[in-house]
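Residue numbers (full-length UniProt numbering), protein chains in the order written: chain D, 1 to 333; chain Z, 1 to 333.
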């Protein structure tokens, strides 16, 4: 592993200057500090603090995900992670990020500069700069719902989409539904693609042929319902599986607005089981992602990666939560 | 949760008799002891010892897998599990099982009777009695290379077959091979089925159409090579991917016996990276399963299940180990 002296030799500067650069001292120029950090990253330098076996400093980086109160998806994930981390005396910083941060600085440089020996990334997209850099990082990193190939330092946690969508489809089939629609999340996310595959596979397992006109990608907001619900109804859907509870809330509003009763005319299933699910009218049948467990698992995985256990993926069980938004299909053609 | 008194009431016997049954006292009949145990399992009774937060007693149950010395597949898996368990002061018993044990007693009864609060099962097949009972067990249980649907108390660890076979195929394609054969393990195992899918998928990703005559299921013993290598050669194979190093050793013997040179005429790749791999002649290029990490991961997962974190699956990275049994394809048709 590279030492401070190696970095000084490579750059032809004093060891003290390297030390200042690594520790953020103010009496060297910004350019020199950046050069020292970039060189340190390139040479695989890890500070003593990052390698220590005692208190470890890690971060949860959040991009494009709500997490500030318990009604939001990220909240309990962070709680779960922090609960497990506290038991091992790890120090966890929660840091909202944005595209600027990602273009200004490389991921590894950011981690080194701030003394983080590992990170849990929430809400990032496949095309984000930092996610693209993960195929080469040597910083132990855990992603939610994304997967990086062939880098031993990166792993991912997720709820089992195949199990989750499978539970939703078989519940509806048991109620006599055949014309089942799927309103998915954003097309550019790995988890949406997996849920699409899971839907097609689950329908086939139940002996039903998925209808292309009943499968649409939307966005993880209620508003996307109004663009797709009319098409689903025109094509005879008697049940709609949604990729999130928020989408499902939009679907129920849209149906109600058009005088269509849930579940008497059309059944609706959500995904996530956010607190909102039980407060909707009717209360939402949904597939629960245990967010506390997702956070705890992310910690377990990060702990593994820090100790060189090269886990690439951890999948959690999806749980079926039956409430009032699904019912017997009356139009069994 | 059911108490000793509940069990006594249900059976109409004294609490002291129930206690004797649960603790294996010799002054009651075998039939009565069995009745007490079966009723306790049925009512979801868990002894104080099983619920304790201090020293936990768990077991590794082994069926049909060699593990007694470091050359054998199970050895390091057990070491890895024990290493992690020792750090948490868990008490681990390693217990070879057989079909008799499984027919004599139900899985849950065996666990309760012996005070085990969790288990790691190695080498079991999908059709084993105890594996079939796992869909209903409430004992935290981890399987290697198998998957049980929809039971929150059961999870599985495995090396990522898709990544592993993908690394093997793309290595061979880089060397100019097109007629690549796959000699798989037993057809009745989940991991063999996954590797078959992975092979077909990896070939397609590399722009090659997998040839049905170059894909065969065998067994995890060297001897199976002689039944399939001749067919592979007749069908123009220039490289053979094997589902284990032992199978690969049989393939190399079979090729050598017939005057075919490895890797000059045919390249061979193994799976596992057992110690034997580097001692073969030529030394075997293989896909490494990190067995210590598999054991450590199994512990992490069991620890999660014991604490109600409902992980269903943990996948480990496969590692490509290049040695001397693969080379440039000379017959690039």
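Think of the CB as a built atom: it goes at the ideal place given N, C-alpha and C, for glycine as much as any other residue.
ask   = Along chain Z, in chain order, which residues have C-beta atoms closer than 7 Å to that of residue 309 of chain D?
value = 293, 296, 297
_Tell me which residues share the same chain as residue 275 of chain Z and place their Cβ nearer than 7 Å to its Cβ, disregarding the 5 neighbours each side in the sequence._
70, 71
key: residue 320 of chain Z: first and last residue of the uninterrupted beta strand (DSSP E) it sits in   = 318–321
Cutoff 7 Å; reference residue 187 of chain Z; Cβ partners in own chain excluding five residues on either side: 217
*Just the C-alpha distance for residue 272 of chain Z and residue 295 of chain Z, rounded to the nearest angstrom, thanks.*
14 Å
field: Ordered list of alpha helix (DSSP H) runs contained in the segment 35–80 of chain D, each at least 4 residues
entry: 48–51
Check: Of all Cβ atoms in chain D, is any one closer than 8 Å to the Cβ of residue 313 of chain Z?
Finding: yes
| Is residue 63 of chain Z buried or exposed, if buried means 16 or more other CB atoms sit within 10 Å of its CB? | buried
Any C-beta of chain Z under 8 Å from that of residue 128 of chain D
no
Item to complete: Quick one: give me the first and last residue of the beta strand (DSSP E) that residue 192 of chain D is part of.
Response: That residue, residue 192 of chain D, is in no beta strand (DSSP E); its alpha helix (DSSP H) goes 190–205.
**Report entry** Beta carbon of residue 28 of chain Z nearer than 8 Å to that of residue 20 of chain Z
**Finding:** yes
Write down every uninterrupted run of the beta strand (DSSP E) in the segment 250–303 of chain D whose length is 3 residues or greater and which is fully enclosed by it, in chain order. 267–272, 285–288
Classification of residue 307 of chain D by the beta-carbon crowding that lies within 10 angstroms, buried from 16 upward:
exposed
Exercise for the section: My understanding is that residue 80 of chain Z touches residue 305 of chain Z, with C-beta atoms under 8 Å, so please give their C-beta distance in whole angstroms. Expected result: Not really, about 17 Å apart at Cβ, beyond 8 Å.
inquiry  = Please identify the residue among Z:259, Z:324, Z:253 whose C-alpha is closest to the C-alpha of residue 286 of chain Z.
reply    = Z:324
Review point. Is it buried or exposed for residue 89 of chain D, if we count other Cβ within 10 angstroms and need 16 for buried?
Key: exposed
Task: Listed by chain order, chain Z residues near residue 317 of chain D by CB distance under 9 Å - done: 150, 151, 152, 155, 310, 311, 312
I'd like to check one pair, residue 40 of chain D with residue 144 of chain D: are the Cβ atoms closer than 8 Å?
no
Q) Taking Cβ to Cβ, would you say residue 207 of chain Z is nearer than 8 Å to residue 264 of chain Z? A) no
Problem - chain C residues whose Cβ lies nearer than 7 Å to that of residue 300 of chain D - result: Protein chains in the displayed structure are D and Z, and chain C is not among them.
As assigned by DSSP and simplified to three states, the class of residue 222 of chain D:
helix
Looking at residue 235 of chain Z: is its Cβ nearer than 8 Å to the Cβ of residue 211 of chain Z? yes
- Task: Verify whether the separation of the beta carbon atoms of residue 142 of chain D and residue 298 of chain D is less than 8 Å.
- Result: yes
Given a threshold of 16 other Cβ atoms within 10 Å of its Cβ, counted over all protein chains shown, does residue 303 of chain D qualify as buried or as exposed? buried
Next on the checklist: Can you pull the chain Z neighbours of residue 163 of chain D, defined as C-beta to C-beta under 9 Å?
Outcome noted: 149, 150, 312
**OP:** State the start and end residues of the unbroken beta strand (DSSP E) segment that holds residue 91 of chain Z.
**Re:** 91–96
(request) Check the C-beta distance from residue 240 of chain Z over to residue 251 of chain Z and give it rounded, since I have them as a contact under 8 Å. (result) 6 Å
- Item | Delimiting residues of the beta strand (DSSP E) encompassing residue 139 of chain D | Element bounds for residue 139 of chain D: n/a, residue is neither H nor E.
Item checked: Boundaries (first-last residue) of the alpha helix (DSSP H) holding residue 324 of chain D -> No alpha helix (DSSP H) holds residue 324 of chain D; DSSP gives it neither H nor E.
ask   = Who are the Cβ neighbours of residue 310 of chain D in its own chain at under 6 Å, not counting the five residues just before and after it?
value = 152
Could you tell me the boundaries of the beta strand (DSSP E) in which residue 217 of chain Z lies? 215–217
Exercise. Thinking just about the alpha-carbon of each residue, which of D:321, D:317, D:331, D:322 is nearest to the one in residue 159 of chain D?
Worked result: D:317
Item to complete: Figure out for me which residue from Z:214, Z:237, Z:166 has the closest Cα to the Cα of residue 177 of chain Z.
Response: Z:237
So residue 111 of chain D is in the alpha helix (DSSP H); what residue range does that whole segment cover? 107–113
Does any CB atom of chain Z fall closer than 8 Å to the CB of residue 174 of chain D? no
Shortest alpha-carbon distance to residue 44 of chain Z belongs to which of Z:84, Z:313, Z:139?
-> Z:139
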